[in-house]
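The structure under discussion appears below in the form of structure tokens.
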Amino acid sequence: MEMGKKGKKALIFRVLGCGECCNMSMWCKFRWRLNHPSRVLFLSSPFFFFLGSFILVSFVGYAYLRLMIPSSQRQGLSPFGCKLDSEGSWSIGIYYGKNPFSLSPIELENRNDDGSSAWPVANPVLTCASVSDAGYPSNFVADPFLFIQGYTLYLFFETKNSITMQGDIGVARSVDQGATWEYLGIALDEDWHVSYPYVFGYHGQIYMMPESSKKGELRLYRATKFPLQWTLEKVLIRRPLVDASLVQYEGYHWLFASDFTRFGTEKNAELEVWYSNSPLGPWKEHKRNPIFKSDKSLGARNAGRPFIYEGYLYRIGQDCGETYGRRIRVYKVEKLSSEDYREVEVPLGIEESKKGRDAWNGHRYHNLDAQQLPSGDWIAVMDGDRVPSGDSVRRFLLGCTTLMFLLVLGTILGFLIGVIKCIVPPSWCMTSSRRNDSLLLWFRPQFNLKLRRFFSCFNRFSSAIRLRVNPSTCSGMLVICLVFITGMVLVCTTMQFLFGGNGAEEAYSFKGHYSQFTMLAMTYEARLWNLKLYIKHYSRCASVREIVVVWNKGNPPNPDDFDSAVPVRVRIEEHNSLNNRFKVDPLIKTRAVLELDDDILMTCNDIERAFKVWREHPERIVGFYPRLLEGNPSKYRDERYARKRNGYNTILTGAAFMNSDVAFKRYWSEKAAEGRAIVDQHFNCEDVLMNFLYANASSTRTVEYVHPTWAIDTSKLSGAAISRNTQMHYRIRTNCLSKFAAIYGQLSPQKWEFGHREDGWDV
């Protein structure tokens, strides 16, 4: 029997998998295409749209990553440790003072390490890299406690193993009052998490009482071979006590701790007191336990060793209001007996950094151990972090969310411009074969009808929107541009969340040390707008100690008028001279000085990279603008010429690091007097003279270049640029070259190639 036309068409539809559709609808065409990917899918307009979108998004994301996100690969970090951790990136700093309420960080004490260019040494003095580089992979170090033996300091702390993800107790030693530390190894490694290593001496023995709440008991260990070998002495209290601290006061040993397993207890908001005649026990509970039960921001949880000063007992507690370990609070104990307890908060005396996340403890600090040295002065160790608890997980989730919105937005854009069609079928097409019987049973008739109505309404609505958003009209083009711009913002936001790190532009360590430098800018009255922007930005950089403003002419500003995170000192000069830039300044307290013109704006990360390079070679001028001076006679040329010749031999000192003591004394020596006169004559060439003086004093390399990610000339925004006529500026400098060469001899013909550094910072 011959098959009719309708039967043939139905048979074709069934073979193609379209089901019994009444006609060749757009939905069936779309399904047919999906069933034949080799013929249509890779040649369809949606495929090319998504491919082009992916390429564009990748390009924008990569550009944003390179230009706006600082490098997260810090030099000196071990590849086995310092991994991203949801608990944070804690590190440890050290403080000094005449009493426990006048403590200053090590960088303000000008502590030196004579064998390093770390001068002065800056906090943090111990990081996860200190432990990982010694062969013990660590994600962070926290909960520091000191044990003092004469003039040797032992530092015990929690180190989170980056392999087991468990807390162990590490120990380091210092023989120079905390300026440098030698990591000795793991003092205590149990099968459970241990932290808060409260170390103390009693009757000629050394004991450690770490937190072992995961074990469900408070344990006491005794040193069998100090500081690395310990044995369990006894279990003091069979309760999961957290951050237990003890102190001898008025005839008893008092133990402060928290137990978060009590019914209805808010974590970090409760404190218990126990007392005994001996730290070895037995321990009795205070009658009023928990003696403190309040808001978790009020310091109920311990934050370090209690101390006695001028006869009064002080307890240290954690403020966990905003995040875990947000800050430290100090409480003066006014009443302590077996039946009563009363305390009142007093100022800590440690000033918080104004640099925010760029400071090593800019966001939180939660443990302090202050003790008196044999000399009578006080020393303290404290941990700090740049980010709140759970920051890495939060950023990952936000990045995934923005990425999802980006995908949805891309689909919407494709729909608006008509590239993507048939998102939702106009009718529900299903086959009547046996294999679809179960599907028919699943979709009840009433539910199926509602779906059809919804899809029909959606299609009518989407068709109406597409008619309104016509790319050929101005309104349609405006909507599409807004969607596109929103997409680019989402790309950058996604990259920031997923790859932007914690938002801090951190310092780079060198040989395990951090240090600080002084910034120096020379300016005058007409450039005050530049100066305010300059100070506000650079004062937040991690390693900046002070900003010195060399004021050449006009009414000087008040340093208090600047929005600065570090001290600002205005040095008023009597004569308007470019030589003032390099004047010897005994008030500068750092070895390194960054001479940076007030119209140059670049990232703190670029500044920190150059500082690290200078610390590798403090005998050199390390800067951001290379020049190649060559020819017979020598001619002054710009960076473009130097790159064409793939080499440079001088560095522009308007953006360069140098040794403040060596460079300034060299510039103001009697030998440089004739050169300084030429600088005053032309009101130019001071940086050329400095390069000549460096080259003339050494037979080795004297300059090094660091490539900035980006730099903005803010003088063009304010109209206060000094050298507007570039050609005339270069002619004057060429004239200076010939004069300096006649006085000091020609510069070395040797040039230094770009791209010789392994880290790629000079490309």
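Under this note's numbering, residues 15 to 777 are what the sequence shown spells out, in order. All C-beta atoms in this analysis are idealised placements derived from N, C-alpha and C, irrespective of residue type, glycine included.
Under 8 Å Cβ to Cβ from residue i, same chain only, skipping five residues before and after it: list those, please.
i: residue 557; result: 136, 521, 528, 529, 530, 531, 621, 622, 625
i: residue 83; result: 509, 510, 513, 514, 515
i: residue 297; result: 250, 251, 269, 288, 289, 290
If you draw a straight line from the C-alpha of residue i to the C-alpha of residue j, how long is it?
i: residue 362; j: residue 115; result: 6 Å
i: residue 95; j: residue 147; result: 8 Å
i: residue 752; j: residue 729; result: 30 Å
i: residue 314; j: residue 267; result: 19 Å
i: residue 365; j: residue 710; result: 45 Å
i: residue 801; j: residue 766; result: Absent from the structure is residue 801, since the part of the chain shown begins at 15 and ends at 777.
i: residue 100; j: residue 405; result: 6 Å
i: residue 577; j: residue 550; result: 5 Å
i: residue 188; j: residue 139; result: 11 Å
i: residue 214; j: residue 567; result: 60 Å
i: residue 423; j: residue 417; result: 10 Å
i: residue 244; j: residue 220; result: 9 Å
i: residue 62; j: residue 489; result: 25 Å
i: residue 265; j: residue 195; result: 36 Å
i: residue 164; j: residue 212; result: 19 Å
i: residue 523; j: residue 745; result: 41 Å
Can you check which of these residues, the options, is closest to residue i by C-alpha distance?
i: residue 122; options: 99, 186, 193; result: 193
i: residue 233; options: 169, 239, 490, 253; result: 253
i: residue 143; options: 525, 352, 218, 244; result: 525
i: residue 773; options: 721, 762, 744, 755; result: 721
i: residue 708; options: 742, 692, 693, 672; result: 672
i: residue 718; options: 265, 400, 638; result: 638
i: residue 590; options: 696, 677, 505; result: 696
i: residue 102; options: 701, 371, 579, 668; result: 371
i: residue 534; options: 702, 668, 413; result: 668
i: residue 518; options: 424, 369, 126, 329; result: 369
i: residue 665; options: 322, 687, 619, 715; result: 715
i: residue 663; options: 431, 645, 762; result: 762
i: residue 631; options: 617, 670, 614; result: 670
i: residue 275; options: 617, 675, 80, 255; result: 255
i: residue 564; options: 554, 593, 553, 580; result: 593
Can you say whether residue i is buried or exposed, counting buried as having 16 or more other CB atoms within 10 angstroms of its CB?
i: residue 332; result: buried
i: residue 713; result: exposed
i: residue 77; result: exposed
i: residue 485; result: exposed
i: residue 108; result: buried
i: residue 660; result: exposed
i: residue 491; result: exposed
i: residue 654; result: exposed
i: residue 647; result: exposed
i: residue 739; result: exposed
i: residue 407; result: exposed
i: residue 124; result: exposed
i: residue 356; result: exposed
i: residue 724; result: exposed
i: residue 141; result: buried
i: residue 764; result: exposed
i: residue 300; result: buried
i: residue 351; result: exposed
i: residue 73; result: exposed
Less than 7 Å between C-beta atoms, sequence neighbours within five positions excluded: which residues of the same chain meet that for residue i?
i: residue 203; result: 182
i: residue 337; result: 378, 402, 403
i: residue 208; result: 181, 182, 183, 202, 224, 225, 226
i: residue 280; result: 310
i: residue 769; result: 776, 777
i: residue 598; result: 678, 679, 682
i: residue 353; result: 301
i: residue 246; result: 233, 235
i: residue 381; result: 156, 157, 158, 317, 318, 396, 397
Excluding the 5 residues flanking residue i on each side, which residues of the same chain have their C-beta closer than 6 Å to its C-beta?
i: residue 545; result: 537, 612
i: residue 487; result: none
i: residue 199; result: 242
i: residue 133; result: 126, 605
i: residue 687; result: none
i: residue 400; result: 371, 376, 377, 516, 518
Do the segment 278-286 and the segment 211-230 touch if we need at least three Cβ pairs shorter than 8 Å? no
So, do the segment 299-306 and the segment 372-391 have three or more beta carbon pairs nearer to each other than 8 Å? no
I want to know whether the segment 744-761 touches the segment 685-702 - three or more CB-CB distances under 8 Å. yes
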